[in-house]
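Undergrad: Counting from 6, one number per residue, gives the positions in the sequence shown under the numbering used here.
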Amino acid sequence: MSTTRLDRDDAVDELPDDIAKKARALLRSLVRPHRAMALFLLLIVILTALLLIIGPIFIAEALDTGIPRAVEGDPVPLIRAVSLFVASTVASAVLAFVSTRLVGITAQKILFTLRSRLFAHVQRLDLGYHERSSSGRLVSRQTSDMESVQQFLSYALFETALALLQMLFIAVTLIVLDVPLAIVVFAGFIPLFFITRAAHTSQRSAYRRTRTSIAKVIVHFVETMGGIRAVQAYRRQPDRRGTLHEHDSTFREANTDALQGVAWFAGSTRLVGNLTQTAIIVVGAWLVIEGWTQIGVLAAFILYLRRFYGPLDELVQSFNLYQSASAALEKIAAVLDTDPEVVEPTEPRHLPPHTSATTGRSIEFSNVRFSYGEGAEVLPRFDLRIPAGQVVALVGATGAGKSTLVKLVTRFYDPSEGSIRLDGVDLRALADTELRSSVVMVTQESFLFSGTIADNIRIGNPGASAEEVVAAARAVGLDPYVRRLPEGYDTDVKKRGGRLSSGQRQLVSFARVFLADPDVVVLDEATAHLDIPSERLVQNALATVLQGRTAIIIAHRLSTVEIADRVLVMEAGRIIEDGAPADLISGTGRFAELHRAWRDTLV
Ligand SMILES: Nc1ncnc2c1ncn2[C@@H]1O[C@H](COP(=O)(O)OP(=O)(O)OP(=O)(O)O)[C@@H](O)[C@H]1O
Ligand SMILES: [Mg+2]
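Okay, here's the thing in C-alpha cells:
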C-alpha cells in the first residue's frame with residue numbers, strides 16, 4: 006500500500022532532462038545581484054592565494070641570503086625577510102577574517118532570497134499540484150535541500166576557488182622555474198582529469214539518490230505526524246517505523262555510495278600526487294646529473310609540489326559538498342520550474358457592479374468537461390445555471406463529483422473544456438484578488454492557523470477592526486464560546502485551553518466568511534463528529550452566513566437541504582434530479598428515496 010503512494014511521489018519527483026542547466030541558470034540569477042561582492046571576494050581570493058605562494062619565498066630569502074649576511078654582521082636582509090614573512094602572515098589572517106565574514110553574509114542573503122522565492126512559488130502553485138504531491142516533499146526542499154546549498158555556499162565555494170587559484174599560481178611558478186619538470190607535473194593531470202570526471206558522474210547519481218531518499222524520509226515523517234491519530238488508532242506504529250527504516254536505509258546506502266566515490270577520489274589523487282613526486286625526483290635527478298637543471302630548483306620543485314597537492318584534499322571535501330548542493334539545487338530548481346496550471350489573466354476583466362435589486366451573483370456552467378490530469382472524466386459535458394442569490398444543495402453518492410464541481414467554481418482547477426461564468430464573466434478572466442473576494446470556499450477541515458481566535462477570524466478580511474471581528478463572531482453565534490475562553494478573542498488556538506471543538510471551529514470559518522462578505526459561498530459540508538446541539542448551532546450560523554449570497558452547499562445533512570431553495574442530485578458527474586426540496590421529496594426519484602432513509606435515521 007505504501008508503494009503506490011511512493012510511486013506517485015516519484016512521478017512528481019522526476020527531474021526534467023535539462024535540469025542541470027536550469028539549476029545553473031537559477032544559481033546565476035541568485036548571484037547576479039551580488040556581482041560586485043563576488044568580484045570583491047574574487048580579489049580577496051587572488052590576494053590570499055598570492056600570499057600563500059610568496060610566504061615560502063621570504064623564508065627562502067631568509068635562509069639563502071639573510072642568515073649568511075647576518076653572520077657577516079649585516080642583519081638588515083634577515084630582519085627584512087622575517088618582517089615581510091610576518092606581514093604576509095598577518096595580511097593573510099586579516100583576509101581570512103574579512104573573506105569568511107563577507108562570504109557568510111552574502112551566502113545568507115542568497116539563501117534568504119532562494120527560500121522566499123521557493124515559498125512564494127509553492128504558494129502560487131495550483132491546488133492540483135498540491136493534491137498530487139505530498140507536503141513532506143516541499144518541506145524537504147525548504148529544509149534539507151536548502152541546508153545542502155547553504156553548506157556549499159557558506160563553506161566550500163570560497164575554499165574551492167582558493168584551492169584552484171593556489172594550484173594555478175603554483176603551476177605558473179613551476180613553469181617559470183623549469184619547463185621540462187613542469188611538463189612532468191602536468192602529465193599527472195591527465196589521469197587526474199579522468200578520475201575527476203569519473204567521480205563526478207558516478208557521484209552525481211549517488212547524490213541525486215541521497216536527495217530523493219532524504220525527501221522520502223521527510224515525507225514519511227510528515228505524513229506519519231499528520232496522521233498520528235490514525236496511526237495510533239490502528240496501531241500502525243511498527244509498520245510506519247518499518248517503512249521509515251526502509252527509506253532511511255536507502256538514504257544511508259546512497260550516502261555510502263557517494264562517500265565511496267569520495268574515498269576513491271581522495272585515494273587516487275594522493276596516489277597520482279606521490280607518483281608525480283617520484284617521477285620528479287627521478288627525472289629531476291637525471292636532469293641535474295646531465296647538468297640541465299640546478300639542484301636548488303629541484304628542491305623548490307619538490308617543496309611546491311607538496312603545496313600543489315595539498316589543496317587537492319580540500320578540493321575533494323569541497324567537491325563532496327558541491328555534488329550534494331548541486332543535486333539539492335536541481336530539486337529546488339525543478340519546483341521553481343513548475344508552472345501553476347491555473348494562471349491569472351494578464352488583462353483581467355471586472356465583474357459588473359451590483360445592482361441593488363440582486364444579491365449574490367449568478368453562476369453558469371456551459372459545456373464544461375473536466376478530468377484530473379490524464380485521469381478518467383469526472384464531469385462529462387456539464388451545463389448548469391444558478392441564478393444570483395439562490396441557495397443550492399448538492400447531494401449524491403460518494404465519488405459523484407460534488408467536491409470537483411465546487412473546486413471548479415472556486416477556480417482551484419480550470420475546466421478541461423467549456424467555461425464557468427460569474428455574472429457573465431469567465432472565471433479565467435478575473436483577477437485573482439477579485440475572484441477570491443467574490444467567491445469563498447469554506448473547507449471541510451476548518452483549518453486554524455497558529456495565533457489568536459481574532460487572528461483566525463480576521464483571515465476573512467485582514468483589515469477588519471476588533472469590533473468587526475466581534476460582530477462577525479456574534480452574528481454566527483460564536484461569541485458566547487469565545488467569552489468563556491481564558492483570554493477571550495486573544496486566546497491562542499494552539500495552546501492548551503484555546504482548543505476549540507469541531508463545531509466551534511466550523512463557526513470560526515463561518516465568521517471568516519461573514520467578515521469576508523463574498524457574493525458566492527461554496528461549502529463542502531463536514532458531517533463527521535457534530536453532535537445534535539452543535540449541528541443546530543452550525544445550522545443557525547449557516548442561515549445567517551448565506552443571507553443575501555449565492556451558495557452551493559454539498560449537503561450531507563437533511564437540515565441543510567431544508568434551508569436550500571433548490572436541490573441538485575448528482576450521479577457520476579451528471580445532474581439527475583433538479584428541483585425545490587419539497588417537490589423532490591414528494592416525488593418518487595432518487596432524492597425522495599434518500600430523504601426517506603434520512604428520516605428513518607432520525608427516529
Ligand atoms: N485530486 C484528484 N485527483 C484525481 N482524481 C480525483 C481527485 N479528486 C477526486 N478525484 C476523483 O474524482 C471523482 C469525483 O470525486 P469528488 O471528490 O468530486 O467526489 P464527491 O462527490 O465529492 O464525493 P464525496 O461525497 O465522497 O466527497 C472520484 O472518482 C475521485 O476518485
Ligand atoms: Mg467530496
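The beta carbon of each residue, even a glycine, is placed where N, CA and C say it ideally should be. Since the structure is predicted, the reported quantities are computational estimates derived from the model, not experimental observations.
From the DSSP output, in three-state form, read off Glu349 for me.
TA: Glu349 falls in the coil class under three-state DSSP.
Undergrad: Counting Cβ pairs, one atom from each stretch, are 3 or more of them under 8 Å apart for the segment 320-328 and the segment 163-181?
TA: The answer is yes - the segment 163-181 touches the segment 320-328, with three or more Cβ pairs under 8 Å.
Undergrad: Is Ser470 close to ligand 1? I mean its beta-carbon at under 8 Å from any heavy atom of the ligand.
TA: Checking every heavy atom of ligand 1 against the Cβ of Ser470, none is found closer than 8 Å.
Undergrad: Which term fits Phe102, buried or exposed, when burial requires 16 or more other beta carbons within 10 angstroms of its beta carbon?
TA: Exposed, by the Cβ-count rule.
Undergrad: To the nearest whole angstrom, what separates the beta carbons of Lys407 and Leu399, a pair I think is in contact under 8 Å?
TA: That pair is a contact at about 5 Å.
Undergrad: Kindly indicate which three-state DSSP category Arg489 falls into: helix, strand or coil?
TA: Of the three classes helix, strand and coil, the one that applies to Arg489 here is helix, per DSSP.
Undergrad: Helix, strand or coil: which one does DSSP assign to Gly289?
TA: Gly289 falls in the helix class under three-state DSSP.
Undergrad: Take every Cβ of the segment 121-134, pair it with every Cβ of the segment 36-53, and state whether three or more of those distances are shorter than 8 Å.
TA: Cβ pair count under 8 Å is below three, so no.
Undergrad: So, does the segment 369-381 touch the segment 457-472, judging by three or more C-beta pairs under 8 Å?
TA: Cβ pair count under 8 Å is below three, so no.
Undergrad: Cβ atoms of Ile188 and Thr270: under 9 Å apart, would you say?
TA: It should be pointed out that residue 270 corresponds to Phe in this sequence rather than to Thr. Taking 9 Å as the Cβ cut-off, Phe270 and Ile188 do not qualify as a contacting pair.
Undergrad: At a cut of 8 Å, does the segment 427-440 reach the segment 477-487 through at least three beta carbon pairs?
TA: In short, these stretches do not touch, since the Cβ pair count stays below three.
Undergrad: Could you tell me how far apart the beta carbons of Leu186 and Gly289 are, in whole angstroms, since I believe they sit closer than 8 Å?
TA: Sure, about 6 Å apart at Cβ, within 8 Å.
Undergrad: Is Ser408 near ligand 2, going by C-beta to nearest heavy atom under 8 Å?
TA: Ser408: yes, Cβ under 8 Å from ligand 2.
Undergrad: Could you check the C-alpha separation between Leu52 and Lys221 for me, to the nearest Å?
TA: The straight-line gap from Cα to Cα measures roughly 44 Å.
Undergrad: Report the rounded CA-to-CA distance for Gly468 versus Leu551, giving the unit in angstroms.
TA: Cα to Cα, the separation comes out at about 22 Å.
Undergrad: Would Ile223 be called buried (16 or more neighbouring beta carbons within 10 Å of its own) or exposed?
TA: It is buried - the Cβ of Ile223 has at least 16 other Cβ atoms within 10 Å.
Undergrad: Once DSSP output is grouped into helix, strand and coil, what is the label at Ala125?
TA: It is helical.
Undergrad: Quick check on Gln208: does DSSP put it in helix, strand or coil?
TA: Correct three-state label for Gln208: helix.
Undergrad: I want to check one thing, is the minimum distance from the CB of Thr415 to the heavy atoms of ligand 1 below 8 Å?
TA: Because no heavy atom of ligand 1 lies under 8 Å away, the Cβ of Thr415 does not count as near it: no.
Undergrad: Going by C-alpha to C-alpha distance, which of Asp495, Leu410, Gly141 sits closest to Met2?
TA: As displayed, the chain neither begins before 6 nor continues past 608, which places residue 2 out of reach and without an answer.
Undergrad: In terms of alpha-carbon separation, which member of Val518, Gln511, Gly508, Phe452 lies closest to Glu473?
TA: Cα-wise, what sits closest to Glu473 is Val518.
Undergrad: Where DSSP assigns a beta bridge to Glu77, which residues make up the other side?
TA: Note: Glu77 sits in no beta bridge, so no partner.
Undergrad: If we ignore side chains and look at the alpha-carbon of each, how far apart do Ser145 and Ile219 end up?
TA: Each residue's alpha carbon lies about 8 Å from the other.
Undergrad: Give the DSSP bridge partners of Leu384, in chain order.
TA: Beta-bridge pairing links Leu384 to Phe375.
Undergrad: Is any non-hydrogen atom of ligand 2 found closer than 8 Å to the C-beta of Ile559, if you look at the structure I gave you?
TA: Yes - ligand 2 has a heavy atom lying nearer than 8 Å to the Cβ of Ile559.
Undergrad: Just checking my contact of Ser388 with Phe370 at CB under 8 Å: how many whole Å lie between their CB atoms?
TA: As written in the sequence, residue 388 is Asp, which differs from the Ser given in the question. Rounded, the Cβ-Cβ distance is 6 Å, consistent with contact.
Undergrad: Looking at Leu132 and Phe417, is the spacing between their C-beta atoms short of 9 Å?
TA: Yes, they are a contact pair.
Undergrad: Can we count Asp529 as close to ligand 2, meaning its CB is less than 8 Å from some heavy atom?
TA: Because some heavy atom of ligand 2 lies under 8 Å away, the Cβ of Asp529 counts as near it: yes.
Undergrad: Using a threshold of 8 Å, is the CB atom of Val373 nearer than that to any non-hydrogen atom of ligand 1?
TA: Not so, every heavy atom of ligand 1 lies at least 8 Å from the Cβ.
Undergrad: What separation, rounded to the nearest whole angstrom, lies between the Cα atoms of Ala521 and Ala434?
TA: Spanning the two alpha carbons is a distance of roughly 22 Å.
Undergrad: Any idea if Tyr327 is buried or exposed, counting beta-carbon neighbours within 10 angstroms, 16 or more meaning buried?
TA: With 16 or more other Cβ atoms within 10 Å, it is buried.
Undergrad: For ligand 1, any of its heavy atoms closer than 8 Å to the Cβ of Ala398?
TA: No, ligand 1 has no heavy atom inside 8 Å of this Cβ.
Undergrad: Could you round the C-beta distance between Asp484 and Gly456 to whole angstroms and report it? I think they count as a contact, below 8 Å.
TA: Rounded, the Cβ-Cβ distance is 18 Å, inconsistent with contact.
Undergrad: Between Gln265, Asp419, Gln147, which lies nearest to Ala339 when the distance is taken from Cα to Cα?
TA: The candidate whose alpha carbon is nearest that of Ala339 is Gln147.
Undergrad: Whose CA, out of Leu589, Ala402, Leu197, Ala393, lies closest to the CA of Pro523?
TA: Here the closest residue by C-alpha is Ala393.
Undergrad: Can you find a heavy atom of ligand 1 that lies under 8 Å from the Cβ of Thr438?
TA: Outside the cutoff, so no.
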